[in-house]
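Written out below as structure tokens is the structure these notes cover.
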Amino acid sequence: MSAKRKTAAREIFALGAEAVVEGALLAGCSFYGGYPITPSSEIMESMAERLPRTEDGVFIQMEDEIASLGACIGASLAGRKVMTATSGPGFSLMQELIGYACMIEAPLVLVNVMRGGPSTGLPTSPAQGDVQQARWGTHGDHSIIVLSATDVQDCLHMTVKAFNFSEKYRSPVILLLDEVTAHTREKITVPLAKDLEILYRLQPSMPPEWYKPFEETVRGVPPMPPIGSGYRFHATGLTHDDHGYPTQKSDEVVAAISRQFRKIDQFFFDIQITDEFLTEDAEVGVVAYGSVARSAHLAVEQARERGIKAGLIDLKTLFPFPRAAVEGLLRRCRTVIVPEMNMGQISREVKRVNPGTSTVWTINRIDGHIITPKQILESIRKG
Amino acid sequence: MAEVTQLIHEYLRHDKKFPHVLCPGCGHGIVLGSLIRSVHALGIAKDDVALVAGIGCSGRVAVYVDFNTVHAVHGRALTVATGIKMAKPEMHVIVVQGDGDALSIGGNHFIHAARRNIGLTVLVLNNFIYGMTGGQCSSATPLGCWSTTTPYGQMEKSFDFVEMTRAAGANFVSRGTVFHVKTLDKLIQQALTHEGFSLVEVLTPCHTQFGRKNKFKSPVDMYQWLKKTATPLEAYEKLDPDKRAGRIPIGVFVDNHEPALETRYAAMRAKFAKG
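Residue numbers (my numbering), protein chains in the order written: chain F, 8 to 390; chain W, 284 to 558.
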């Protein structure tokens, strides 16, 4: 590294978008392929400046979002930790390749700074409208990991988490931010990489002729060597056998898709991150994520001052949906409120896991304005 | 052991379930053979080759050969190849695409990869038709030709891959056919050793989907058509313009030596390393 090596954690005054870049670089990201789109462009601009100055960093502006994700997938196959960032319309364009990345099990991090939609929608206003698209946007059955971040410091840490999950589970990871989180400037602490847990994809230990790129393993995650390392394998979007060769045999198709689900499913405890605030004795619960969780945090504090036993679950992982935590809250509370800047994309999940013990209320805002603590507090007082 | 058998053992995947998916008379196997001979002749190690293919019949050739192989999504092979090349500039990244893949759905990526002059070797297997999808017209289907989506004849003009790639700014632009195999071997070798974006457009017959509908009675007729119409560039240029109609020039059209994108990028980064 040409720049002076940092020897201590440092404090910076950064945008959420810049915190994402700090997190990515700490996690070892060395490839960024992207296409500018509001409100995600600051991530790309910051990467354009930073990456070429790192040891082996590659930054490339591609011709569109499809090409961006394609380039990231290629670089991931070549052994790089890769990232791209986009927003609504770009996210839609990327969907086919997200499915491809799931199928070939390519680790990558995709940051979507959500804008209002559908279509060009509200380009510069906060929204949380891509939650279900992140889970189900591409075609076919697949598992995927979707994360979120509440504030600027959180942007850094959740980006590191996103890279770790993508490497650990050989899966694309989507980090959903909203415009408020990405464009808020706050003082944050940038830790040293050595003080963080940084994970790398498993490398094969067997001789190349024994290696099977999609082999069943105990964790369900096969090792993944970089292209050019002597382990020559075939990557295809077609349903494939453990060698990576296309197959239509029922037993091989079922085994391949089942393993791709299982590698995520059996580690729910590791992947599903939630932040609980005053939930132990809560009678009115709030489930929120992104910048809305910040409003909810204050609303819960204010409710407590008024003697209402309110509590908050801040979802850092959106998918796989943290059922255990939310179900616990639903069992404890008479009312659970789900405020979000969409027509009800996570409240749908909350209602799905409701064992019938409480009432689920929603607060939905789609006018491109934030949900205020006051708005949530009013709802808590009625609950 | 015959040389060809040795090459088969060395380059084709012994654990892949053969037979292949290509029809009798298809030219794609000839291109793959030519590619393997070229890599072998140049002494390039298998580990140093990444073969990225798109979707369709041409996309399937990647699975049979023992390189690092990627069967990408329709039209996006060049984007994946761009990622590999930028991440590992020392590797030979070869892209195999069909005509529809390269310049219909993938047209935007194609012109930009050529504009960037990134060091990819691109083989466009031009059979004028969507073969695997069932014989629909592509952006290379010649005017007036029949396909399942042009039952009254193609009304749109077709792309000239060579002119398109030249205009976009690629370093090496060439065209060959599967009938002129020795020339094709030479073109692929030149492309593999050329810095920057290198195109080899290969005219290859699809008898099943194109020939059958366009008055070619047998695969042999299509090869004879290639023999008759493909004219070496030097000879083509000497022809009177009125005699050029119906002939397709083959050979090397562009042979420039501009620095490739990865070379420019490395130079930019070297400045930081010094400072």
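The beta-carbon is built from N, C-alpha and C at its ideal position, and this holds for glycine as well.
Let me know if residue 440 of chain W comes out buried or exposed under the rule of 16 or more other beta-carbons within 10 Å of its beta-carbon. Within the second sequence, numbered from 1, the residue matching residue 440 of chain W stands at position 157. Residue 440 of chain W should be labelled exposed.
Which bits of chain F does residue 331 of chain W rub up against, with CB to CB less than 8 Å? Position 48 of the second sequence, counted from the first residue, corresponds to residue 331 of chain W. In chain order: 235.
Which residues in the same chain as residue 483 of chain W place their Cβ atom closer than 8 Å to its Cβ, once the five residues preceding and following it in sequence are excluded? Here the question's residue 483 of chain W lines up with position 200 in the second sequence. The residues 404, 405, 406, 407, 457, 458, 459, 467, 470, 471 and 474, in chain order, have a CB closer than 8 Å to that of residue 483 of chain W in the same chain once the five nearest residues on each side in sequence are set aside.
Could you tell me the distance, in whole angstroms, from the CA atom of residue 87 of chain F to the CA atom of residue 38 of chain F? Sequence index remark: in the first sequence, residue 87 of chain F carries index 80 (1-based). Sequence index remark: in the first sequence, residue 38 of chain F carries index 31 (1-based). Take the alpha-carbon of residue 87 of chain F and the one of residue 38 of chain F: they are about 6 Å apart.
Could you confirm whether any beta carbon from chain W is found closer than 7 Å to the beta carbon of residue 180 of chain F? Numbered from its first residue, the first sequence carries residue 180 of chain F at position 173. Chain W contact via Cβ: absent.
Distance CB(residue 118 of chain F)-CB(residue 326 of chain F) smaller than 7 Å: Position 111 of the first sequence, counted from the start, is the residue given in the question as residue 118 of chain F. Position 319 of the first sequence, counted from the start, is the residue given in the question as residue 326 of chain F. Contact: no.
Any idea if residue 273 of chain F is buried or exposed, counting beta-carbon neighbours within 10 angstroms, 16 or more meaning buried? One-based indexing of the first sequence puts residue 273 of chain F at position 266. Answer is exposed; the Cβ neighbour count stays below 16.
Mind checking residue 559 of chain W: buried by the 16 CB within 10 Å criterion, or exposed? Chain W is shown from 284 up to 558; residue 559 of chain W falls before or after that span and cannot be answered.
Quick one, which residues of the stretch 42-65 of chain F are near chain W if we go by CB-CB under 7 Å, in chain order? Within the stretch 42-65 of chain F, those residues whose Cβ lies closer than 7 Å to any Cβ of chain W are, in chain order, 59, 60 and 65.
At a CB-CB cut-off below 8 Å, which residues of chain W make contact with residue 69 of chain F? Counting from one through the first sequence, the residue named residue 69 of chain F turns up at place 62. By Cβ distance, chain W contributes 362, 365 and 395.
For chain W, find out if any of its Cβ atoms is closer than 7 Å to the Cβ of residue 146 of chain F; answer yes or no. Numbered from 1 along the first sequence, position 139 holds the residue referred to as residue 146 of chain F. It does not: the Cβ of residue 146 of chain F has no partner Cβ on chain W nearer than 7 Å.
Spell out whether any CB of chain W is found under 7 Å from the CB atom of residue 149 of chain F. Position 142 of the first sequence, counting from 1, holds the residue named residue 149 of chain F. No, its Cβ sits nowhere closer than 7 Å to a Cβ of chain W.
Provide the residue(s) that pair with residue 253 of chain W in DSSP beta bridges, ordered along the chain. This structure cannot settle anything about residue 253 of chain W, because the visible part of chain W is limited to 284 through 558.
List the endpoints of the continuous beta strand (DSSP E) containing residue 536 of chain W. Counting from one through the second sequence, the residue named residue 536 of chain W turns up at place 253. From DSSP, the beta strand (DSSP E) with residue 536 of chain W extends over 531-538.
For residue 407 of chain W and chain F, any beta-carbon pair shorter than 7 Å? Counting from one through the second sequence, the residue named residue 407 of chain W turns up at place 124. Chain F contact via Cβ: absent.
Anything in the stretch 76-104 of chain F with a Cβ closer than 9 Å to a Cβ of chain W? List those residues in chain order, please. 76, 77, 78, 79, 80, 81, 82, 83, 84, 85, 86, 87, 89, 103 and 104
Mind checking the stretch 369-384 of chain W against chain F and listing, in chain order, the residues whose C-beta falls within less than 7 Å of any C-beta there? 369, 370, 371 and 374
What do you get for residue 20 of chain F, buried or exposed, if any count of 16 or more other CB atoms within 10 angstroms of its CB means buried? On the first sequence, position 13 is the one that residue 20 of chain F refers to. It counts as exposed.
Between residue 493 of chain W and residue 412 of chain W, is the Cβ-Cβ spacing less than 7 Å? Taking the second sequence and counting its residues from 1, the one referred to as residue 493 of chain W is at position 210. Taking the second sequence and counting its residues from 1, the one referred to as residue 412 of chain W is at position 129. Taking 7 Å as the Cβ cut-off, residue 493 of chain W and residue 412 of chain W qualify as a contacting pair.
For residue 379 of chain F, the nearest candidate out of F:305, F:336 and F:290 (CA to CA): Within the first sequence, residue 379 of chain F is the residue found at index 372, counting from 1. When each option's Cα is compared against that of residue 379 of chain F, the closest is F:305.
Residue 368 of chain F: first and last residue of the uninterrupted beta strand (DSSP E) it sits in: Your numbering for residue 368 of chain F matches position 361 in the first sequence. First-last of the beta strand (DSSP E) with residue 368 of chain F: 366-371.
Under DSSP, the alpha helix (DSSP H) around residue 365 of chain W begins and ends at which residues? One-based indexing of the second sequence puts residue 365 of chain W at position 82. In the DSSP annotation of this structure, the continuous segment of the alpha helix (DSSP H) that includes residue 365 of chain W starts and ends at 360-370.
For the stretch 347-358 of chain W, list every residue whose C-beta sits within 9 Å of some C-beta in chain F, in sequence order. Residues 349, 350, 351, 352, 353, 354, 355, 356, 357 and 358.
Express the C-alpha separation of residue 303 of chain F and residue 174 of chain F in angstroms, rounding to a whole number. Position 167 of the first sequence, counting from 1, holds the residue named residue 174 of chain F. Position 296 of the first sequence, counting from 1, holds the residue named residue 303 of chain F. Annotation: residue 174 of chain F to residue 303 of chain F spans about 32 Å, alpha carbon to alpha carbon.
When the Cα of residue 6 of chain F is compared with those of W:371, W:355 and W:353, which residue comes out closest? What the structure shows of chain F is the stretch from 8 to 390, and residue 6 of chain F is not part of that stretch, so it cannot be assessed.
Uninterrupted alpha helix (DSSP H) stretches inside the stretch 71-132 of chain F (no shorter than 4 residues): 72-84 and 95-111
So the candidates are F:99, F:233 and F:188; which of them puts its Cα closest to the Cα of residue 146 of chain F? Position 139 of the first sequence, counting from 1, holds the residue named residue 146 of chain F. The option with the nearest alpha carbon to residue 146 of chain F is F:99.
May I ask which residues mark the beginning and end of the beta strand (DSSP E) holding residue 264 of chain F? Your numbering for residue 264 of chain F matches position 257 in the first sequence. Per DSSP, residue 264 of chain F belongs to no beta strand (DSSP E); it is in the alpha helix (DSSP H), 257-272.
Against chain F, which members of the stretch 459-474 of chain W pass a CB distance test of less than 8 Å? none
Buried or exposed by the 16-neighbour rule on C-beta atoms within 10 Å, applied to residue 447 of chain W: One-based indexing of the second sequence puts residue 447 of chain W at position 164. The residue in question, residue 447 of chain W, is buried, as its Cβ has 16 or more Cβ neighbours within 10 Å.
Compute the beta-carbon to beta-carbon distance between residue 266 of chain F and residue 223 of chain F, rounded to the nearest angstrom, for a pair I have assumed lies under 8 Å. Against the first sequence, residue 266 of chain F aligns to sequence position 259. Against the first sequence, residue 223 of chain F aligns to sequence position 216. That pair is a contact at about 6 Å.
7 Å is my cut-off, CB to CB: does residue 565 of chain W come that close to chain F? Nothing in the structure corresponds to residue 565 of chain W, since chain W is present only between 284 and 558.
Using the Cβ count rule (16 or more neighbours within 10 Å means buried), how would you classify residue 435 of chain W? Reading the second sequence from its first residue, position 152 is the one you call residue 435 of chain W. Residue 435 of chain W comes out exposed.
Could you check the C-alpha separation between residue 9 of chain F and residue 41 of chain F for me, to the nearest Å? Taking the first sequence and counting its residues from 1, the one referred to as residue 9 of chain F is at position 2. Taking the first sequence and counting its residues from 1, the one referred to as residue 41 of chain F is at position 34. Note that residue 9 of chain F has pLDDT 42, beneath the 50 cutoff, so the model's placement of it is unreliable and no number is given.
May I ask you to report which of helix, strand or coil DSSP gives residue 208 of chain F? Locating residue 208 of chain F in the first sequence gives position 201, where the first residue counts as 1. If DSSP states are grouped into helix, strand and coil, residue 208 of chain F belongs with coil.
Classify residue 373 of chain W: buried if its beta carbon has 16 or more other beta carbons within 10 angstroms, exposed otherwise. Working through the second sequence from its first residue, we reach residue 373 of chain W at position 90. Classified as exposed, residue 373 of chain W has fewer than 16 neighbouring CB atoms from the shown chains inside 10 Å of its CB.
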